[in-house]
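Under my numbering, the first residue of the sequence shown carries the number 172, and numbering increases by one thereafter. Where is the CB? At the ideal position from N, CA and C, for every residue including glycine. Written out below as structure tokens is the structure these notes cover.
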Amino acid sequence: MMQPFRVVFWLGSPVCINHPWLHLDGLTAHAKHLEHLGREYRYLPSKAVHSGPRHAPPLFLKTNGVRHAGVSIFGPEAETYTATMFKRFEPEGYPETGAQRVNLGSGHFRNYMLRSVLVSCERVEFHGNGDMERVGRLLRQLPHLGNDGRVGHGDIIGLDIEPEEEDRSLVVGGIAMRPIPVSALREWSEAVHLAWHAPYWTPGSVALCAPPGAEVVLK
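Structural data, given as structure tokens:
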């Protein structure tokens, strides 16, 4: 049964992001592939779009082709900062025989500096309208939110999902709650090129959209 709902993730560590928002339907798409393919999911080509299970019932209500799945709302106490990680070649333990020149500009021993944006908060909230039970089951498979979970970022320590009386997943009070293509709108206060559906990393998902927070009127 389709119904409005709210999801709250409780976090044990800061979330690492490379985009202003996390997308609820992006999280469920990731979880659906993980559930369907198991360990084989990890062996898929990283730069190729892989279709999900066919004939699966829709998870979210759609209006003008846009899923009722909002973007992340970080807790009011959230603080954003930048962290820097360095990788440097350490000669200790490197074989002393054979070639003594090490390529530090490319390959396995390449030196680099990586900056990441971290959001420190206790919780991340999403609003949706769809199959609340299936969405909850999928989201409970996720160990972390955002990037670099392998080093402990975005650790999920709890998940609450509950029904809501009002649908706050698409537009609330004339304000967009997620990227909405201008093709689905009659009016918008601003527009930028954004990914608006999963997978969000591929250029094929990008269109001219009203961003979250813009004033909009749906067609």
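For the candidate residues Met284, Lys203, Gly241, Phe245, whose alpha-carbon lies nearest to that of Ala227? Lys203
Which residue marks the beginning of the beta strand (DSSP E) containing Thr255, and which one marks its end? 250-258
Can you check DSSP and say which residues form a bridge with Cys187? Leu289, Asn318
Counting only the same chain and skipping the five closest in sequence on each side, list residues whose C-beta sits under 8 Å from that of Leu330. Val178, Val179, Phe180, Trp181, Gly307, Leu310, Arg311
Within this structure, are the beta carbons of Met173 and Leu232 separated by less than 7 Å? yes
Under a three-way DSSP split, which group does Val388 fall into? strand
Whole-angstrom Cβ separation of Leu193 and Gly317, contact assumed at under 8 Å? 6 Å
Taking the alpha helix (DSSP H) that Leu309 belongs to, which residues open and close that run? Run containing Leu309: 303-310, per the alpha helix (DSSP H) assignment.
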